[in-house]
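Reviewing the structure listed below.
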Amino acid sequence: RNLLPLLFIPFADRLAKCLRSSPRDSLLADSVASHQRGMAYGFHRAMDNGGAVVGPLLAYALLSMQVPIPTIFLLAIIPAAICLTLVGCIREPRQIPPESTPLRWNLSEMPTSLKRFLIVVALFSLGNSSNIFLLFRAKELGVPEAYIPLLWAIVSLIAALGATPLAALSDRIGRFPLLFGGYLAFALVYLSLGFLNDGLIALALIFGLYGLFVAATEGVEKALVADLAPSNKRGTAFGWFNMTVGIFLLPSSVIFGELYERLNPNTAFGFSATCALLACGLLWYWFKPTHAARNPS
Numbered sequence: 005r006n007l008l009p010l011l012f013i014p015f016a017d018r019l020a021k022c023l024r025s026s027p028r029d030s031l032l033a034d035s036v037a038s039h040q041r042g043m044a045y046g047f048h049r050a051m052d053n054g055g056a057v058v059g060p061l062l063a064y065a066l067l068s069m070q071v072p073i074p075t076i077f078l079l080a081i082i083p084a085a086i087c088l089t090l091v092g093c094i095r096e097p098r099q100i101p102p103e104s105t106p107l108r109w110n111l112s113e114m115p116t117s118l119k120r121f122l123i124v125v126a127l128f129s130l131g132n133s134s135n136i137f138l139l140f141r142a143k144e145l146g147v148p149e150a151y152i153p154l155l156w157a158i159v160s161l162i163a164a165l166g167a168t169p170l171a172a173l174s175d176r177i178g179r180f181p182l183l184f185g186g187y188l189a190f191a192l193v194y195l196s197l198g199f200l201n202d203g204l205i206a207l208a209l210i211f212g213l214y215g216l217f218v219a220a221t222e223g224v225e226k227a228l229v230a231d232l233a234p235s236n237k238r239g240t241a242f243g244w245f246n247m248t249v250g251i252f253l254l255p256s257s258v259i260f261g262e263l264y265e266r267l268n269p270n271t272a273f274g275f276s277a278t279c280a281l282l283a284c285g286l287l288w289y290w291f292k293p294t295h296a297a298r299n300p301s
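For the sequence shown, our numbering begins at 5 and goes up steadily by one.
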């Protein structure tokens, strides 16, 4: 009887993400100079991951004060209202009004380099299963439940601290080295978790490396999309990017879960690592010779 409202909540959350992500990413690209895109997207991801650290800590503090859970959810309206107020203060950069043209989102009109990058992203996303599996594996390896949130706090903290400088570095040396190194770090994390038997220190280091992967890739991927997309079609390009990630993330968790349950953790984590390594191969083959050359914008 109460299942439908519960299903509506995550649906509404994902719908909101679909509506805001591509326009926001396009607005960021239009708001900064091309040589600062990595830093801009990295700073955005740093703030997001910073919230992932502060939010749970505040929730823990409120719960320790015996504040009821419904009250905590109601208190979450306060930062949401502040965000809406700030959004209302944003003014888009001045642009020459485009000619009146019908809505078109045909992928064939996008540059070949962008379409190739979407293939890389699709392959990587196929192996990038839900982070819940990482925490489940940590618990399976003997980490006490009380320490599980601390492991994820390590990931969020490192991602928050590293996102801006690493993404800004991509403005200087190119997007390829950061993405390639980040995908390799992901493969190493998953291979390690698949074959690790125990060791809290080893797990902490592995989760720390995962935080570096997040810091090195989240902002840089979006900066590369902005680089490769035509300036008048960035919103469409980000729509394709976010749709590609979303479409392939769903089967990734299903496949990972089936391999984990029916076979063993080694196979499941090995599958994800293989997808990341194959994505590295395509990234090297398509983008290394030109160092992820950017389209004029």
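Backbone N, C-alpha and C define an ideal beta-carbon position, used for all residues, glycine too. Since the structure is predicted, the reported quantities are computational estimates derived from the model, not experimental observations.
Candidates the options: which alpha carbon is nearest residue i's?
i, options, result
"Y264", "L197, F128 and D231", "L197"
"V229", "L138, F137, A172 and V125", "V125"
"S232", "E222, F245, A220 and T221", "Looking at the sequence shown, residue 232 is not Ser but Leu. Among E222, F245, A220 and T221, the Cα nearest to that of L232 is on F245."
"F180", "W290, F77 and M51", "W290"
"I210", "I94, F121 and L139", "L139"
"D52", "L165, T116 and A206", "L165"
"L204", "T271, V147 and I76", "V147"
"L118", "E149, L267, S35 and A241", "A241"
"S112", "A283, C284 and P234", "P234"
"L173", "A20, R28, F47 and D29", "F47"
Short check: CB of residue i to CB of residue j, under 8 Å?
i, j, result
"A157", "V57", "yes"
"F260", "S133", "yes"
"P269", "R141", "yes"
"A220", "G186", "yes"
"S26", "G215", "no"
"I82", "A63", "no"
Going straight from the alpha carbon of residue i to that of residue j, what length do you get?
i, j, result
"R24", "L31", "11 Å"
"V224", "L130", "19 Å"
"F184", "L200", "24 Å"
"L286", "L145", "33 Å"
"T168", "R49", "8 Å"
"A80", "G59", "9 Å"
"A33", "R41", "6 Å"
"G239", "M114", "12 Å"
"L170", "N135", "22 Å"
"R120", "I152", "37 Å"
"I73", "Y194", "34 Å"
"L253", "L127", "10 Å"
"R176", "I162", "21 Å"
"T248", "Y45", "19 Å"
"L67", "A85", "22 Å"
"A280", "L188", "7 Å"
"I123", "V36", "27 Å"
"S38", "S276", "33 Å"
"S256", "A283", "14 Å"
At what residues does the alpha helix (DSSP H) containing residue i begin and finish?
i, result
"D52", "R41 to S68"
"V91", "I81 to G92"
"D231", "L204 to L232"
"N270", "P269 to F291"
"A189", "R179 to F199"
"M247", "R238 to R266"
Please determine whether the Cβ atom of residue i lies at a distance below 7 Å from any heavy atom of the ligand FMN.
i, result
"L281", "Questions concerning the ligand FMN fall outside what the structure shown contains, since it holds no ligand whatsoever."
Quiz item: Of all the alpha helix (DSSP H) runs that stay within the bounds of the stretch 120–151, which reach a length of 4 or more residues?
Solution: For the stretch 120–151, whole alpha helix (DSSP H) runs of length 4 or above, ordered along the chain, are 136–144.
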